[in-house]
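Numbering (the UniProt record's numbering), first residue to last: 1 to 276.
The beta-carbon is built from N, C-alpha and C at its ideal position, and this holds for glycine as well.
A quick note: this is a predicted structure, and the numbers were derived from the prediction, not measured.
Step one of this worksheet: look at the structure below.
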């Protein structure tokens, strides 16, 4: 063995050096492969390493990083483009809906205008004057006569008080009392229709005549012999009864006619309507 080493020692050492270098090369190659596998790149062959001896591990990392950045950049661009496309679709849908509403709003006024024109035509046709039509006056002229010839013993007083001989008190008076001889005829102050004939406990025998324009005349303290009936049409001056003193609340005044004028349910001053 000693002789063998003395003769071939150089070759043995050379062989060991070659083996060590080979083992080191294998170990380094395995490490490179493992790192590339972890980074997601296929391992390079030995020939590729020999062809590109200047590409180190750091250079590979840079290349892989650039590739990832490009992928991420492309993904971001795609996302941005997708976002703008979706936004454009939404705006298009909103514009379409707004156009529909606007068209509907523009259509409705047209219908209203047409209806208005039709209404104007109808009103125009209705308001067209009819040939030979008699015009109707908006006001009714009221002219009454005194229901009996005599003197006013108690006047109309609704805003102040007057003395009542019968009741011995101061009170209002909603008509006029016309003193006259008993049994004198009492006339209708204005044409109308007899609405009511009755005996009132306070005002005695009473006749109410209804006239046009919301007017009524009331004749009280009449005699029992009433000359008209309810529903009868009378003319101005027609005799409706006779003078008496049947009103228990005015009996102290003697024979007379208590005369009232009512407009729309309220007593008014008879002097404003009696012809002088």
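Secondary structure at residue 185: strand, using DSSP grouped into helix, strand and coil. When DSSP assignments are scanned along the UniProt domain "M23ase beta-sheet core" (172 to 270), no uninterrupted stretch of alpha helix (DSSP H) that is 4 or more residues long falls wholly within it. Residue 261 and residue 217 have their alpha carbons spaced roughly 5 Å apart. The Cβ atoms of residue 182 and residue 148 lie no closer than 8 Å to each other.
When only Cα atoms are considered, residue 188 and residue 264 end up about 19 Å apart. When the five nearest sequence neighbours on each side are left out, the beta carbons in the same chain lying within less than 8 Å of the beta carbon of residue 250 are those of 154, 164, 166, 177, 203, 221, 256, 258, in order along the chain. Taking all protein chains shown into account, residue 175 has 16 or more neighbouring C-beta atoms within 10 Å of its C-beta and is therefore buried.
Contact annotation: the region 227 to 242 does not touch the region 155 to 162, with fewer than three C-beta pairs closer than 8 Å.
Here residue 19 is exposed, its C-beta having fewer than 16 other C-beta atoms within 10 Å. For residue 162, same chain residues with a beta-carbon under 6 Å away, outside a window of 5 residues either side, are 173 in chain order. Residue environment analysis places residue 11 among the exposed positions, since fewer than 16 neighbouring C-beta atoms fall within 10 angstroms of its C-beta. For a cut-off of 8 Å, the C-beta gap from residue 274 to residue 184 is around 17 Å, too long to register as a contact.
Residue 161 carries a strand assignment under DSSP once its states are collapsed to helix, strand and coil. Residue environment for residue 243: buried (at least 16 other C-beta atoms within 10 angstroms of its C-beta). Boundaries of the beta strand (DSSP E) around residue 154: 151 to 154.
At the C-beta level, residue 248 and residue 223 stay beyond 8 Å of one another. Between residue 241 and residue 219, the C-beta gap is smaller than 8 Å, which places the two residues in contact. For residue 13, no pairing in a beta bridge is given by DSSP.
Selection 143, 232, 151, 150 evaluated against residue 190 yields 143 as nearest (Cα-Cα). Classified as buried, residue 207 has 16 or more neighbouring CB atoms from the shown chains inside 10 Å of its CB. Within the same chain, Cβ atoms closer than 7 Å to the Cβ of residue 196 are found at 208, 230, the five residues on either side in sequence being excluded. Residue burial is scored here from C-beta neighbours: residue 192 has at least 16 other C-beta atoms within 10 angstroms and is therefore classed as buried. When the beta-carbon positions are compared, residue 186 and residue 234 stay at least 8 Å from each other.
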